[in-house]
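Asks:
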Amino acid sequence: MSKNLLVNFNFDQLGDAREYRPPAERVIEGDIVCRNWDVDSAKNDKVRAGVWESTPGVNRSIKGETWEFCMILSGVVELTEDGQSPVVYKAGDCFIMKPGYTGTWRTLETVRKVWIMA
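Per my numbering, the very first residue in the sequence shown carries number 1479; after that it's consecutive.
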């Protein structure tokens, strides 16, 4: 994490990603592989920012107490909040998942997003 007070998201120099798979109990469809790059954090890691990528598939999305802002850089996803209609997001789209959000996250095309969590 940077000690500078101005931090750039340099997408060409993110470094090594942490690669993982979602918990099996949340996977609905597909062989999902995720990669995450932590870019910075503040407030004793209560506010964090980074870049995330996922291969196609469907999984349960459960935010718990976390607030998350997302900006899609590439790819296409469809989010369906429980009890609501699906919403499709693609490159350039932004959205917020508030604490308590639950639903399905369907990655239609490998997706990359910037995220900020608090």
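In this text, a Cβ means the ideal position worked out from N, Cα and C, and glycines have one as well.
Is it buried or exposed, E1531, if we count other Cβ atoms within 10 angstroms and call 16 or more buried?
Replies: Buried.
Asks: Please determine, among I1574, K1524 and L1557, the residue with the shortest C-alpha to C-alpha distance to R1538.
Replies: R1538 has its Cα closest to that of L1557, out of I1574, K1524 and L1557.
Asks: Using only the alpha-carbon positions, how far apart do D1518 and R1496 sit?
Replies: When rounded, the distance between both Cα atoms is 14 Å.
Asks: Starting from N1514 and walking both ways along the beta strand (DSSP E), at which residues does that stretch end?
Replies: Note, N1514: beta strand (DSSP E), C1512 to A1520.
Asks: So what's R1584 in DSSP terms, helix, strand or just coil?
Replies: DSSP places R1584 in strand when its eight states are reduced to three.
Asks: Among the candidates N1488, L1586, V1505 and G1570, whose CA atom is the shortest distance from the CA of P1564?
Replies: Cα-wise, what sits closest to P1564 is L1586.
Asks: Suppose the cutoff is 6 Å on Cβ atoms and the five residues either side in sequence are ignored; what does the same chain contact list for V1554 look like?
Replies: Contacts found: K1568, L1586 and E1587.
Asks: Measuring only the C-alpha atoms, how far is A1520 from L1483?
Replies: Taking the straight line from one Cα to the other gives about 10 Å.
Asks: Beta-carbon within less than 6 Å of Y1579's beta-carbon, same chain only, minus the 5 sequence neighbours each way: which residues are those?
Replies: Once the five neighbours on either side are set aside, the close Cβ partners of Y1579 are K1541.
Asks: Using 8 Å for Cβ pairs, my map puts G1535 next to N1514. What's the rounded Cβ distance?
Replies: With a Cβ gap of about 16 Å, G1535 and N1514 do not count as contacting.
Asks: Is I1510 closer than 8 Å to T1533 when the C-beta atoms are compared?
Replies: Yes, Cβ-Cβ distance for T1533 and I1510 is below 8 Å.
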